[in-house]
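Asks:
Protein chains: 2
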Amino acid sequence: MTAIDSSRQRSARNGGSERAEHLAGLIMALARREGMKAGDRLIEQRLADALDLSRAPIRLGLKALEAAGLARGEPHRGFVLAKNPTSGAAQPALAAIRRSEQVYANIAGDVLASRLPFDVTEAELMRRYDLSRAELQRLLDRIAAEGWIARLPGYGWRFAETVSSPKAQAKAMAFRAVIEPAAIAQPDFMLSQEVIARLRERQQRLLEGELEKMTIGEIYHSGCEFHEQIIRGAGNPFFIEALRRVNAIRRLFAYRSFTDRDCMRRHIREHLRLLEILEAQQYAEAAELLAKHLQRPLVQGVS
Amino acid sequence: MTAIDSSRQRSARNGGSERAEHLAGLIMALARREGMKAGDRLIEQRLADALDLSRAPIRLGLKALEAAGLARGEPHRGFVLAKNPTSGAAQPALAAIRRSEQVYANIAGDVLASRLPFDVTEAELMRRYDLSRAELQRLLDRIAAEGWIARLPGYGWRFAETVSSPKAQAKAMAFRAVIEPAAIAQPDFMLSQEVIARLRERQQRLLEGELEKMTIGEIYHSGCEFHEQIIRGAGNPFFIEALRRVNAIRRLFAYRSFTDRDCMRRHIREHLRLLEILEAQQYAEAAELLAKHLQRPLVQGVS
DNA sequence: GATTGTATATTGTTGCCTAAAAGAACAATC
DNA sequence: GATTGTTCTTTTAGGCAACAATATACAATC
Chain A
6 MTAIDSSRQR
16 SARNGGSERA
26 EHLAGLIMAL
36 ARREGMKAGD
46 RLIEQRLADA
56 LDLSRAPIRL
66 GLKALEAAGL
76 ARGEPHRGFV
86 LAKNPTSGAA
96 QPALAAIRRS
106 EQVYANIAGD
116 VLASRLPFDV
126 TEAELMRRYD
136 LSRAELQRLL
146 DRIAAEGWIA
156 RLPGYGWRFA
166 ETVSSPKAQA
176 KAMAFRAVIE
186 PAAIAQPDFM
196 LSQEVIARLR
206 ERQQRLLEGE
216 LEKMTIGEIY
226 HSGCEFHEQI
236 IRGAGNPFFI
246 EALRRVNAIR
256 RLFAYRSFTD
266 RDCMRRHIRE
276 HLRLLEILEA
286 QQYAEAAELL
296 AKHLQRPLVQ
306 GVS
Chain B
6 MTAIDSSRQR
16 SARNGGSERA
26 EHLAGLIMAL
36 ARREGMKAGD
46 RLIEQRLADA
56 LDLSRAPIRL
66 GLKALEAAGL
76 ARGEPHRGFV
86 LAKNPTSGAA
96 QPALAAIRRS
106 EQVYANIAGD
116 VLASRLPFDV
126 TEAELMRRYD
136 LSRAELQRLL
146 DRIAAEGWIA
156 RLPGYGWRFA
166 ETVSSPKAQA
176 KAMAFRAVIE
186 PAAIAQPDFM
196 LSQEVIARLR
206 ERQQRLLEGE
216 LEKMTIGEIY
226 HSGCEFHEQI
236 IRGAGNPFFI
246 EALRRVNAIR
256 RLFAYRSFTD
266 RDCMRRHIRE
276 HLRLLEILEA
286 QQYAEAAELL
296 AKHLQRPLVQ
306 GVS
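Chains A and B, in that order, are what the protein sequence lines are. In terms of our numbering, the first sequence opens at residue 6 and continues consecutively. In terms of our numbering, the second sequence opens at residue 6 and continues consecutively.
Have a look at this one:
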């Protein structure tokens, strides 16, 4: 009896297909990043590869998209985007992801505002955020992967000083100002023309209007990707890893940081300038420009 | 019936108090790092704080130490070290830790030698290393925390390219050669006299003979601690975090790297020289020396 | 005043089971 | 030849109950 009750409660809470909606959101977000338009085909295997999943879950997501009117499917012909991923109609699908991030964001906020102690027990978190053990488990795994919480040897977890320190944001930028230019200055740094072209194209799309349609989160993500791609040229995974980690934590601050579109526009123009110099293989100069780019204090939120 | 069987099997495998022995090992290792001698008191609360545990598990460890003849306890007077932690008698306790690391080391070796594919499922690992789900879980958590494996969105885990790349070791050193000097060069770098004194004392103890009594793993650990303490002076947790991460991965290689005690001795003398310069607060010079120190290729295993 | 001893409450683990999700292989279709 | 539809197997998640480990508070002792 209790088993039946709990399963009923569960499916009620999930509304039947939370997972599918989540997957739909992932697909839509990907389509957006890739700059796809209404009418483009959504090829299962390609989506699966891009999202590191198999076709089965992709399928679920596609069906959910169809149900939401964002994709059209015909038998044996697969699915096609019905709306531009940047249009307002696509918002609800993306919201599904956002909803699942709710608790995560709450915790992040509470830590940043010191409403949570350094050391916490799982039971405490379960109570406080009304989570099942499994849900919390996944959440903690994720946060641990992002590097701002770690298991204690005994019971409980401890938040990293990286998040709890009041000056974390400035520290993060100082760290980036060291590793990013240094990566470019590595002796075997190299960025292929194709990569440069792709990066340039994306930055230009932003300037040509897409910036206005994006959420803060997406703008932040796009900025991170740009920098990561550049750093990737050093061919040293440790630089990339380190940058990813800083960015994961900076993201926690991102939501609250002041963002002015003009400022961003200037920022993106600097990105384009950097690409020019990199294309000319003037790496020393590029490193210098990047260092300056990162020391600009006003643009912490989106660089 | 099955329940009884499995629990019997379990306690047989554990030999009754594996955990206690493990704790004993931790205490002994700590005593060793702290340079304690036979006759020193083992104060429960202090040990608990140092190991991030409460007194209860410490107690267990102390009793195990007593059972092994490494500590002596009297009622209401607590425990006292019975042997020097560097003596041969202390070895068995430390071995308990090493034993528990067996599977971890196996996996590390298999990954480094490409005997494991990039992507693996939990079930595969459970079969391969004969682990229960829970044991594997903890192991994966730890490896994930060290940053060389990550969950895939669907089933399975993926090893980081940081480990699998053949040039990982060189890349790791290149990364350190960037962040460590840069940390010292940070405008607000500062290292207190006490810290310098403590570090110096420890390095000197090594030169005065302790080096010979240490295992490769301990030597490696000691080197990492030295560098981490130095970097800590920058007051920027991101530098520390990044260094920790590189070191965690370098440790995987450490066991196989050639180590020559003379070479180490030279290395430690460089550490002492660095401390001198830091004490004089000549930070620019110190950064330069550290950069050189890290570019020396022969000593990768222990710097 | 600091430290240890002891009792008690809290917390996390483990094993088992069922259900759900994902992956893989192959046939059908464009 | 690529892509989709379908089926089947494998893998993981979720929930529960008993259990073991850990934390905490307070009294006793040095």
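For glycine and all other residues, C-beta sits at the position ideal for the given N, C-alpha and C.
Cutting at 8 Å between CB atoms, please list the residues of its own chain near Arg-205 (chain A), excluding the five before and the five after it.
Replies: Mapped onto the first sequence, residue 205 (chain A) falls at position 200. Correct list, in chain order: Leu-277 and Leu-280.
Asks: Alpha carbon to alpha carbon, how far is Arg-51 (chain B) from Ala-100 (chain B)? Give it in angstroms, no decimals.
Replies: Numbered from 1 along the second sequence, position 95 holds the residue referred to as residue 100 (chain B). Numbered from 1 along the second sequence, position 46 holds the residue referred to as residue 51 (chain B). Cα to Cα, the separation comes out at about 23 Å.
Asks: Is the CB of Phe-180 (chain B) under 7 Å away from at least one CB in chain A?
Replies: Walking along the second sequence from the start, residue 180 (chain B) turns up at place 175. It does; some Cβ of chain A falls within 7 Å.
Asks: Is it true that the segment 267 to 275 of chain A meets the segment 200 to 216 of chain A, where meeting means three or more beta-carbon pairs spaced less than 8 Å apart?
Replies: Touching, yes, given that three or more Cβ pairs across the two stretches are closer than 8 Å.
Asks: For Asp-267 (chain B), which of helix, strand or coil comes out of DSSP?
Replies: Walking along the second sequence from the start, residue 267 (chain B) turns up at place 262. Three-state DSSP puts Asp-267 (chain B) in a helix.
Asks: So what does DSSP say about Gly-238 (chain A), is it helix, strand or coil?
Replies: Taking the first sequence and counting its residues from 1, one reaches residue 238 (chain A) at position 233. Reduced to three states, the DSSP call for Gly-238 (chain A) is coil.
Asks: Counting contacts by CB-CB distance shorter than 7 Å, is Thr-167 (chain B) in contact with chain A?
Replies: Reading the second sequence from its first residue, position 162 is the one you call residue 167 (chain B). So, interface residue.
Asks: Please report how far the alpha carbon of Glu-71 (chain B) lies from the alpha carbon of Ala-29 (chain B), in whole angstroms.
Replies: Counting from one through the second sequence, the residue named residue 71 (chain B) turns up at place 66. Counting from one through the second sequence, the residue named residue 29 (chain B) turns up at place 24. For Glu-71 (chain B) and Ala-29 (chain B), the distance between alpha carbons rounds to 9 Å.
Asks: State buried or exposed for Pro-192 (chain B), treating a residue as buried only when at least 16 other CB atoms are found within 10 Å of its CB.
Replies: The count along the second sequence starts at 1 and reaches residue 192 (chain B) at position 187. Label assigned to Pro-192 (chain B): exposed.
Asks: Using C-beta distances below 8 Å, list every residue in its chain close to Ala-296 (chain A), excluding the 5 sequence neighbours before and after it, in chain order.
Replies: Sequence index remark: in the first sequence, residue 296 (chain A) carries index 291 (1-based). Answer for Ala-296 (chain A): Ala-182, Glu-185 and Pro-186, listed in chain order.
Asks: Using the beta-carbon of each residue, which ones in chain B are nearer than 9 Å to Leu-52 (chain A)?
Replies: Indexing the first sequence from 1 puts residue 52 (chain A) at position 47. The contacting residues do not exist; Leu-52 (chain A) stays about 12 Å from chain B at best.
Asks: I want to check one thing, is the minimum distance from the CB of Arg-64 (chain A) to the heavy atoms of the ligand ZN below 6 Å?
Replies: The ligand ZN is absent from the structure shown, which contains no ligands of any kind.
Asks: Alpha helix (DSSP H) containing Arg-147 (chain A): first to last residue?
Replies: In the first sequence, residue 147 (chain A) corresponds to position 142, counting from 1. Counting along the chain, the alpha helix (DSSP H) containing Arg-147 (chain A) begins and ends at 138 to 151.
Asks: DSSP three-state call for Ala-190 (chain A): helix, strand or coil?
Replies: Translated into positions along the first sequence, residue 190 (chain A) becomes position 185. Helix.
Asks: Quick one: using the 10 Å Cβ neighbour count with 16 as the cut-off for buried, is Ile-48 (chain A) buried or exposed?
Replies: In the first sequence, residue 48 (chain A) corresponds to position 43, counting from 1. That one is exposed.
Asks: Note down the Cα distance separating Leu-257 (chain B) from Glu-223 (chain B), rounded to an integer number of angstroms.
Replies: Here the question's residue 257 (chain B) lines up with position 252 in the second sequence. Here the question's residue 223 (chain B) lines up with position 218 in the second sequence. Rounded to whole angstroms, Leu-257 (chain B) to Glu-223 (chain B) spans 13 Å at the Cα level.
Asks: Check the Cβ-Cβ distances between Gly-159 (chain A) and every residue of chain B, and say whether any is below 7 Å.
Replies: In the first sequence, the residue the question calls residue 159 (chain A) occupies position 154. It does; some Cβ of chain B falls within 7 Å.
Asks: Along chain B, in chain order, which residues have C-beta atoms closer than 8 Å to that of Glu-246 (chain A)?
Replies: In the first sequence, the residue the question calls residue 246 (chain A) occupies position 241. Within chain B, the residues near Glu-246 (chain A) are Gly-152, Ala-165, Thr-167 and Arg-250.
Asks: What number of angstroms, rounded off, separates the C-alpha of Asn-19 (chain B) from the C-alpha of Asp-54 (chain B)?
Replies: In the second sequence, counting from the first residue as 1, residue 19 (chain B) sits at position 14. In the second sequence, counting from the first residue as 1, residue 54 (chain B) sits at position 49. Note that Asn-19 (chain B) scores 37 on pLDDT, short of 50, meaning its location in the model is unreliable; the coordinates nonetheless yield the value given after this. One C-alpha to the other measures close to 27 Å.
Asks: Can you check which of these residues, B:Gln-287, B:Arg-46 and B:Ala-173, is closest to His-81 (chain B) by C-alpha distance?
Replies: Locating residue 81 (chain B) in the second sequence gives position 76, counting from the first residue. Nearest option by C-alpha distance: B:Arg-46.
Asks: If you draw a straight line from the C-alpha of Gln-14 (chain B) to the C-alpha of Ala-165 (chain A), how long is it?
Replies: Along the second sequence, one-based indexing puts residue 14 (chain B) at 9. Along the first sequence, one-based indexing puts residue 165 (chain A) at 160. Legend: pLDDT at Gln-14 (chain B) = 35, less than 50; position of this residue unreliable, value from coordinates given subsequently. The straight-line gap from Cα to Cα measures roughly 39 Å.
Asks: Distance, Cα to Cα, Ile-245 (chain B) vs Gln-287 (chain B)?
Replies: On the second sequence, position 240 is the one that residue 245 (chain B) refers to. On the second sequence, position 282 is the one that residue 287 (chain B) refers to. The straight-line gap from Cα to Cα measures roughly 21 Å.
Asks: Of all the CB atoms in chain A, is at least one closer than 7 Å to the CB of Phe-194 (chain B)?
Replies: Here residue 194 (chain B) refers to the residue found at position 189 when the second sequence is read from its first residue. No - not a single Cβ of chain A is within 7 Å of the one on Phe-194 (chain B).
Asks: Is DSSP giving Phe-123 (chain A) helix, strand or coil here?
Replies: In the first sequence, counting from the first residue as 1, residue 123 (chain A) sits at position 118. In this structure, Phe-123 (chain A) counts as coil in the three-state DSSP scheme.
Asks: Please confirm if Leu-144 (chain A) has its CB atom under 7 Å from at least one CB of chain B.
Replies: For the purposes of this step, residue 144 (chain A) is taken as residue 139 along the first sequence, with counting starting at 1. Not one chain B Cβ lies under 7 Å of Leu-144 (chain A).
Asks: Counting only Cβ pairs nearer than 9 Å, list the residues of chain B close to Gln-191 (chain A).
Replies: Residue mapping note: residue 191 (chain A) aligns to position 186 of the first sequence, counting from 1. Those within 9 Å of Gln-191 (chain A) in chain B are Ala-179 and Val-183.
Asks: Between which residues of its own chain and Ser-11 (chain B) is the CB-CB distance below 6 Å, once the five residues before and five after are set aside?
Replies: Within the second sequence, the letter at position 6 stands for residue 11 (chain B). Interpretation of Ser-11 (chain B) is limited by its pLDDT of 34, a score under 50 that renders its predicted location unreliable; the figure taken from the coordinates is listed afterwards. Within the same chain, Ser-11 (chain B) has no close Cβ partners at all.
Asks: Can you find the residues in the same chain that come closer than 7 Å, C-beta to C-beta, to Ala-43 (chain A), ignoring five residues on each side of it along the sequence?
Replies: Position 38 of the first sequence holds residue 43 (chain A). If we look at Ala-43 (chain A) and ignore the five residues flanking it on each side, its Cβ neighbours are Leu-86, Ala-87, Lys-88 and Asn-89.
Asks: Classify Glu-199 (chain B) as buried or exposed, calling it buried when 16 or more other Cβ atoms lie within 10 Å of its own Cβ.
Replies: If you number the second sequence from 1, residue 199 (chain B) lands on position 194. Per the 10 Å Cβ criterion, exposed.
Asks: Along the segment 35 to 47 of chain B, where does the CB come closer than 9 Å to a CB of chain A? Name the residues.
Replies: So nothing in the stretch comes that close.
Asks: Tell me, to the nearest whole angstrom, how far the beta carbon of Leu-75 (chain A) is from that of Ala-98 (chain A); I am working on the premise that it is less than 8 Å.
Replies: Sequence index remark: in the first sequence, residue 75 (chain A) carries index 70 (1-based). Sequence index remark: in the first sequence, residue 98 (chain A) carries index 93 (1-based). About 6 Å separates the two Cβ atoms, so the contact holds.
Asks: By the three-class DSSP mapping on this structure, what secondary structure does Glu-106 (chain A) have?
Replies: Your numbering for residue 106 (chain A) matches position 101 in the first sequence. Three-state DSSP puts Glu-106 (chain A) in coil, outside helix and strand.
Asks: Across which residues does DSSP place Gly-78 (chain A) in a beta bridge pair?
Replies: For the purposes of this step, residue 78 (chain A) is identified with residue 73 of the first sequence, where counting begins at 1. Answer is A:Phe-84.
Asks: Suppose you measure from the CA of Glu-23 (chain B) to the CA of Ala-291 (chain A); what does that come to, to the nearest Å?
Replies: Working through the second sequence from its first residue, we reach residue 23 (chain B) at position 18. Working through the first sequence from its first residue, we reach residue 291 (chain A) at position 286. If you take the alpha carbons of Glu-23 (chain B) and Ala-291 (chain A), they lie about 56 Å apart.
Asks: Could you list the residues in the segment 58 to 78 of chain B with a C-beta less than 7 Å from some C-beta on chain A, going in chain order?
Replies: From the segment 58 to 78 of chain B, only Leu-58, Ser-59 and Pro-62 have a Cβ closer than 7 Å to chain A.
Asks: Leaving out five residues before and five after Ile-148 (chain A) in sequence, what residues of the same chain have Cβ atoms less than 7 Å from its Cβ?
Replies: Numbered from 1 along the first sequence, position 143 holds the residue referred to as residue 148 (chain A). Excluding residues within five positions, the ones whose Cβ falls inside 7 Å are Ile-154.
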